[in-house]
Amino acid sequence: MAQRYDIEAVRQKYIGTEIARARGRYPVEYDAIRRHCHMVDDNNLLFLDPEYAGTTEHGAVLCPPSGWLALYFASLGPWPAVFEPLLPIVPTPGKRIVNMNQEVEWFRRVKVGDHLSVSRRVADIYQKAISIDPDAVWIVAEAIITNQRDETVCVIRNTLLTHRTPEEVTAAREATA
Amino acid sequence: MRKPQVHWDDVEIGGELAGFDIEIKPRRVFLQISGSQDWYPVHHDPAFARKGGHEDIFMNTGFTQAALVRMITDWMGDGGFLRKLYFEMRRQQRPGDTMACRGKVTDRYRKDGEGWVEVDVWAENEREGVTSPGRAWVILPMRESS
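Note that the protein sequences, when read in sequence, are chains A and B.
So the numbering used here is basically just the index in the first sequence, starting at one, shifted up by 61.
So the numbering used here is basically just the index in the second sequence, starting at one, shifted up by 925.
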């Protein structure tokens, strides 16, 4: 018989868990910003054109205020493609993941050349059924992004849904029958 | 060319942001991977997505956020500051959809000597309706007389 997933034990053990601060592999750089803008046809010169940006009050190209992009610069480098940091450290019945919501609070602008770091914390864990998985687990994680002066740039709160595939749900049901 | 700067004083509650539409075609799916560096297969591998219980691949959070941020930053101009953005990934944007980004000013107030504006922002498509509802809090420059 399969072992039952104990949500209360997982909550007690993992809520509040902090992941050590990590520094981005590279500083904030032009081309990753260009690719990010390119995917949604964002032609904002403040994000793309050093000459134009130099004439503004900011004096340099800004990183668009996307929590996703800030987290990219603070953690994932462009190569090799490392996906693991996005996976939850919390044990869950299913390994499939879907982002459900994100809140990004900004405190400072980010410019090309800044060097970002991230520290993370598990803020909440709960179980809530979805149509394909009655044992889906939801994880709320907080990421604090800082710059090279240790100033907080933004705080990201992300809710991640983890679930099993329909095949896995059926297999688990048969195993416990 | 520099865009005109919107000032807090001139913003009207109920005013709409200039939105835009993006067709989700294969090229856009590839741009999504390049631009977000999110290689989780549920966003580009139909077989992987279907095995997980989804009808098809769907566009990721980084893409959705980038689109909403494009709309907000185009509107707020170089002098605006996006102080906070919240959005949900309730339904999906899939290949074949046209993702429309829209926004509407819902509030305008002073806080700590600064001019704040709240904007409802969302992405929608014809198949699902609103897929990603959200809200943005923006600080705009104030005219010297205000």
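We put the CB at the ideal spot given by N, CA and C, even for glycine.
On a predicted model such as this, the values are computed, not experimentally measured, just so you know.
Buried or exposed (CB count within 10 angstroms, at least 16 for buried), residue i
i	result
B/R953	buried
B/P1066	buried
A/N160	buried
A/I87	The amino acid occupying residue 87 of chain A in the given sequence is Tyr; Ile does not appear at that position. Per the 10 Å Cβ criterion, exposed.
A/P111	exposed
A/A142	Residue placement at A/A142 is poorly supported in this model, since its pLDDT is 49, which falls under 50; the coordinates still yield a value, given next. Exposed is the call here.
A/P154	buried
B/E1051	exposed
B/G987	buried
B/R927	exposed
B/Q957	buried
B/G977	buried
A/A81	exposed
Bridge partner(s) assigned by DSSP for residue i
i	result
B/K1009	A/E166, B/W1062
B/M1024	B/I947
B/W1041	B/Y1034, B/I1064
A/I200	A/I186, A/L221
B/A1048	B/C1026, B/S1057
B/S900	Since the first residue shown for chain B is 926 and the last is 1071, residue 900 of chain B is missing from the structure and cannot be characterised.
A/D194	A/I191
A/R157	A/H224
A/C215	A/W167, A/I206
A/K172	A/L123
A/A83	A/V179
Close beta carbons around residue i, own chain, < 6 Å, minus the five adjacent residues each side
i	result
A/H97	L130
B/P1058	E1013, W1047
A/P227	I193
B/W933	G1040, L1065, M1067
A/F134	G85, V89, L177
A/I217	G128, V165, A204
B/W1000	L942
Own chain residues within Cβ distance below 7 Å of residue i, not counting five before or after
i	result
A/T117	L107
B/D1022	I949, N1050, R1052
B/G1004	Q930, P1066
B/F973	P966, V967
B/S961	N985, G987, F988
Closer than 8 Å to chain B by CB, residue i
i	result
A/R157	yes
A/D185	no
A/L107	yes
A/I101	First, the amino acid is wrong: residue 101 of chain A is Val here, not Ile. It does: the Cβ of A/V101 has a partner Cβ on chain B nearer than 8 Å.
A/R96	yes
A/S178	no
A/E118	yes
A/S136	no
A/T231	no
A/Y133	yes
A/G115	no
A/T226	yes
A/P126	yes
Residues of its chain near residue i, where Cβ-Cβ distance is below 8 Å and the 5 sequence neighbours each way are ignored
i	result
B/D970	I982
A/W167	P126, V214, C215
A/I186	I68, V71, R72, Y75, I76, V151, V198, W199, I200, V201
Interface flag, residue i vs chain A, CB-CB below 8 Å
i	result
B/M1067	no
B/E1013	yes
B/R1008	yes
Contact residues within the stretch 977 to 1003 of chain B, judged by C-beta distance below 7 Å to chain A: G977, G978, T986, G987, F988, Q990, A991, A992, V994, R995, T998, D999, D1003
Contacting positions in the stretch 938 to 964 of chain B - beta carbon closer than 7 Å to chain D: The question asks about chain D, but that chain is absent: this structure's protein chains are A and B.
Residues of the stretch 150 to 174 of chain A whose Cβ lies closer than 8 Å to any Cβ of chain B, in chain order: R157, I158, V159, N160, M161, N162, Q163, E164, V165, E166, W167, R170
Chain-ordered residues of the stretch 72 to 84 of chain A with a beta carbon less than 7 Å from chain B: none
Contact set between the stretch 189 to 202 of chain A and chain B, restricted to residues whose Cβ is under 7 Å from the partner: I193
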